[in-house]
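Working notes, beginning with the structure itself.
Numbering (this note's numbering), first residue to last: 46 to 361.
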């Protein structure tokens with residue numbers, strides 16, 4: 046039964062990896078080629094491209110981790126391999142989540158409409174606000190990776206094994222402390238979740254007020270502003286759904302130290318975790334008119350369809 050589960054896990058992981066590489070690679074190629082040709086790129090395209098690149102790295106890390114989980118779980122859980130995987134996973138994980146959060150804030154400030162002075166101040170300075178968020182994102186990702194490296198230093202000087210081949214009491218104590226700190230590290234993901242939820246509810250409120258005004262003026266409900274609201278809400282809602290699944294699976298993976306049938310729990314958690322970097326890439330493609338048009342044309346194998354640099358964008 047376990048052998049069958051391992052092969053099923055490998056098939057699902059490989060399939061998700063290929064789909065994720067296709068979606069994120071397509072985004073990176075289209076926006077990167079357009080950037081290279083025109084020597085300029087919009088802020089939203091820059092965030093989406095950076096997000097795609099970070100998720101390509103994250104997908105490779107998850108694939109390597111999954112292969113080691115099946116074929117060499119001891120090597121995966123001990124020594125330098127565990128440290129390398131955890132450090133790179135932590136860095137790319139936080140970078141990817143915060144980049145998506147920056148994109149949600151950008152959509153909210155660009156599309157939503159409120160008369161509050163604070164919101165107007167942020168809206169008029171949306172580029173500066175998002176750029177500072179991007180710099181803070183990079184800093185926070187580096188800090189999370191550095192903090193994990195410090196944990197590993199503590200882990201590497203543990204009591205180890207005594208002369209009889211048994212773990213010392215100090216080793217057990219320090220190991221439990223390390224695992225508990227690793228589990229509490231999932232709290233790093235709460236701030237971007239709160240920011241994204243705030244952006245989503247602000248867009249909902251803005252859409253509600255806009256629809257009320259359109260109803261009073263007896264105008265069409267399919268004006269550009271309404272459509273922009275709806276597209277932004279779909280993108281952020283999809284992100285929130287996938288991110289909640291990812292956060293749940295990430296919590297399960299980090300808590301697997303304290304759960305029975307650790308290997309099976311880890312495999313289930315990793316399959317669910319892959320849904321986020323894979324699924325959200327296609328949400329971004331479908332929410333961006335330029336990417337959607339080129340992706341559909343590519344699937345239809347239309348001649349001359351893959352010519353980056355054509356006009357069309359998200360929420361402009």
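Even glycine gets a Cβ: it sits at the ideal position worked out from N, Cα and C.
None of these values were measured; they are calculated from a predicted model.
DSSP three-state assignment for residue i, whether helix, strand or coil
i	result
residue 56	helix
residue 164	helix
residue 212	Annotation note: pLDDT 49 at residue 212 (below 50); position unreliable, coordinate value reported separately. Note: residue 212 maps to strand in three-state DSSP.
residue 330	helix
residue 86	coil
residue 340	helix
residue 188	helix
residue 65	helix
residue 254	helix
residue 117	coil
residue 147	helix
residue 159	coil
residue 204	Residue confidence for residue 204 is low, a pLDDT of 45 falling below 50, so the modelled location carries little weight; the figure read from the coordinates is stated next. In this structure, residue 204 counts as coil in the three-state DSSP scheme.
Spatial distance of residue i from residue j (CA atoms)
i	j	result
residue 148	residue 108	26 Å
residue 92	residue 241	15 Å
residue 50	residue 111	13 Å
residue 312	residue 244	33 Å
residue 94	residue 66	13 Å
residue 125	residue 326	31 Å
residue 324	residue 166	34 Å
residue 183	residue 70	21 Å
residue 48	residue 100	29 Å
residue 80	residue 310	42 Å
residue 128	residue 284	29 Å
residue 361	residue 269	Low confidence applies to residue 361: its pLDDT is 41, below 50, so where it sits in the model is not reliable enough to give any reading.
residue 257	residue 334	27 Å
residue 143	residue 53	32 Å
residue 176	residue 249	25 Å
residue 187	residue 160	37 Å
residue 64	residue 162	44 Å
Whole-angstrom C-beta distance between residue j and residue i, which should lie under 8 Å
i	j	result
residue 280	residue 329	7 Å
residue 76	residue 103	Their Cβ separation, rounded to whole angstroms, is 18 Å, which puts residue 76 and residue 103 out of contact at 8 Å.
Residue i and residue j closer than 8 Å at C-beta
i	j	result
residue 181	residue 135	no
residue 58	residue 316	yes
Minimum Cβ-Cβ distance from residue i to chain C less than 8 Å
i	result
residue 86	In the structure shown, chain C does not exist; there is a single protein chain.
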